[in-house]
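> Going line by line, the protein sequences match chains S and B. If you use the working numbering, the first sequence corresponds to residues 192 to 325, in order. If you use the working numbering, the second sequence corresponds to residues 192 to 325, in order. Here a beta-carbon is modelled for each residue, glycine too, at the ideal position from N, C-alpha and C. Given the structure is predicted, the values throughout are model-derived calculations rather than measurements. Following this message is one structure expressed as structure tokens.
Protein chains: 2
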Amino acid sequence: MLSKKTQYAFKALMYLAQKESEGPVLIAEISKKKKIPLKFLENILLELKRSGVLDSKKGKGGGYFFKETPKSIPLAKIMRLLDGPIALLPCVSLNFYQRCKNCDEKNCGLHETMIVVRDATLKILEKKTVADLV
Amino acid sequence: MLSKKTQYAFKALMYLAQKESEGPVLIAEISKKKKIPLKFLENILLELKRSGVLDSKKGKGGGYFFKETPKSIPLAKIMRLLDGPIALLPCVSLNFYQRCKNCDEKNCGLHETMIVVRDATLKILEKKTVADLV
DNA sequence: TACATAGTTGACAAAAACAGTAGATTAATA
DNA sequence: TATTAATCTACTGTTTTTGTCAACTATGTA
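Right under this line is the structure:
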């Protein structure tokens, strides 16, 4: 399951994508409209800014907006950013790989299966972007 | 990611499946061969017994063994038993469904996408069984 | 019957992750 | 310069995960 953090992030990004043409959007507005705890949302948006997905402007007329276009942000990217690996096992993760201690990957049936699951999942999550959510 | 619990469970089940013809297998043996903390493994096997996957025999010559044949145990079943939902969102889970508070499922792009992911995942995990792991 | 073997049970606890909070600070702009 | 709004650090409480302990119960065999 996705963490609340990632779930909130998706909701916020959907809202931002809807309002994209209207300039910067206030954290408080997103928080209110999407029922996301304000301070928690701050942390989330900050993380998305640090990683180059969003950008923000301070002061009057400020708020958050997309740095890259929503079309170029696959869902998988957001999930990895906030939740870490998408794969079900560390030994099967592309971006967070860790070897299995006590198992020979080449002869591990679980390993094989989890690769199939990973690929099926990524095929969808790498293709769908934030823009597809609205 | 799967929890350690589920990862250990799969390792233990793989071992049991290999030794299936040799009668009951000791917890201690599985623990040693698969490097799983003994007491943790006890809990896991007990859970699998309670839910009818495994059975055990006490006393000399005792140990754990399959109650159902490994062929009839989909990986999805084990994962749901020990980790809960397989779906990435509660509003998309077949077995642990919970409605989204603040969103109309019919018009939610995220919802749609996550259903596609869920179906792709389940297609694999419902088909592959413990017997396929060995 | 007695003993050794082996699983059962429930309570407990350390560590990590998750969810959320508080408050002071910094920056933009009118 | 006053106001608005984002930034940052640090902290807190809860839950989940991971793992441990000790006493108990059931079984097979000598």
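#1: Would the region 254 to 274 of chain S count as touching the region 312 to 325 of chain S if we require 3 or more Cβ pairs under 8 Å?
#2: Can you name, in chain order, every residue of its own chain whose Cβ lies under 7 Å from the Cβ of residue 325(B), other than the five neighbours on each side?
#3: Which bits of chain B does residue 209(S) rub up against, with CB to CB less than 8 Å?
#4: Chain B partners of residue 273(S), CB-CB under 7 Å?
#5: Anything in chain S within Cβ reach of residue 279(B), meaning under 8 Å, just list it in chain order.
#6: Would you mind stating whether residue 293(B) and residue 226(S) have Cβ atoms separated by less than 8 Å?
#7: At 7 Å on the CB atoms, spell out the chain S contacts of residue 293(B), in chain order.
#8: With a cut-off of 8 Å, does the C-beta of residue 257(S) fall near any C-beta of chain B?
#9: Output yes if chain S places a C-beta closer than 8 Å to the C-beta of residue 276(B); else output no.
#10: Is there a C-beta anywhere in chain B that falls below 8 Å from the one on residue 200(S)?
#11: Going by beta carbon distance, what residues of the same chain come within less than 7 Å of residue 313(B), once the five residues before and after it are set aside?
#12: Taking only the alpha-carbon atoms, compute the straight-line gap between residue 215(S) and residue 198(S) and give it to the nearest angstrom.
#13: If you follow the beta strand (DSSP E) that residue 248(B) is part of, which residue opens it and which one closes it?
#14: Using a beta-carbon distance cut-off of less than 7 Å, what residues from the region 224 to 254 of chain B approach chain S?
#15: In chain S, what lies closer than 8 Å to residue 182(B) by C-beta?
#16: In the DSSP output, which residue or residues are listed as bridge partners for residue 265(S)?
#17: Is residue 236(B) buried or exposed, if buried means 16 or more other CB atoms sit within 10 Å of its CB?
#18: I want to check one thing, is the minimum distance from the CB of residue 203(B) to the heavy atoms of the ligand ATP below 7 Å?
#19: Taking 8 Å as the cut-off, decide whether the C-beta atoms of residue 232(B) and residue 222(B) are in contact.
#20: Can you tell which of 305(B), 298(B) and 273(B) has its C-alpha closest to the C-alpha of residue 285(B)?
#21: Mind checking who residue 256(B) pairs with in its DSSP beta bridge?
Put simply:
#1: yes
#2: One-based indexing of the second sequence puts residue 325(B) at position 134. Excluding sequence neighbours, residue 325(B) sits near 205, 208 and 209.
#3: Within the first sequence, the letter at position 18 stands for residue 209(S). Correct list: empty, because the minimum Cβ distance to chain B is about 11 Å.
#4: Within the first sequence, residue 273(S) is the residue found at index 82, counting from 1. Those do not exist, as residue 273(S) stays about 13 Å from chain B at its closest Cβ, beyond 7 Å.
#5: On the second sequence, residue 279(B) is found 88 positions in, with the first residue counted as 1. By Cβ distance, chain S contributes 192 and 193.
#6: Position 102 of the second sequence holds residue 293(B). Position 35 of the first sequence holds residue 226(S). Their beta carbons are under 8 Å apart, which means residue 293(B) touches residue 226(S) by this criterion.
#7: For this step, residue 293(B) is matched to residue 102 along the second sequence. The contacting residues are 225 and 226.
#8: By one-based count along the first sequence, residue 257(S) stands at place 66. False, the Cβ-Cβ gap to chain B never drops below 8 Å.
#9: The sequence position of residue 276(B) within the second sequence is 85, counting from 1. For residue 276(B), the answer is yes, since a Cβ of chain S falls inside 8 Å of its Cβ.
#10: Here residue 200(S) refers to the residue found at position 9 when the first sequence is read from its first residue. Chain B, which has no Cβ nearer than 8 Å to the Cβ of residue 200(S), makes this no.
#11: Against the second sequence, residue 313(B) aligns to sequence position 122. Excluding sequence neighbours, residue 313(B) sits near 267 and 277.
#12: Counting from 1 along the first sequence, the entry for residue 215(S) is found at position 24. Counting from 1 along the first sequence, the entry for residue 198(S) is found at position 7. Cα to Cα, the separation comes out at about 21 Å.
#13: The residue given as residue 248(B) occupies position 57 in the second sequence. Note, residue 248(B): beta strand (DSSP E), 245 to 248.
#14: 225 and 226
#15: Outside the shown range of chain B, which is 192 to 325, sits residue 182(B), and nothing can be said about it.
#16: One-based indexing of the first sequence puts residue 265(S) at position 74. For residue 265(S), which the question treats as bridged, DSSP gives the partners 320(S).
#17: Start at 1 with the first residue of the second sequence, and residue 236(B) comes out as number 45. It is buried - the Cβ of residue 236(B) has at least 16 other Cβ atoms within 10 Å.
#18: The ligand ATP is absent from the structure shown, which contains no ligands of any kind.
#19: Walking along the second sequence from the start, residue 232(B) turns up at place 41. Walking along the second sequence from the start, residue 222(B) turns up at place 31. Yes, they are a contact pair.
#20: Numbered from its first residue, the second sequence carries residue 285(B) at position 94. Comparing Cα positions, the closest option is 305(B).
#21: Taking the first residue of the second sequence as 1, we reach residue 256(B) at position 65. The partner list for residue 256(B) (beta bridge, DSSP) reads 246(B).
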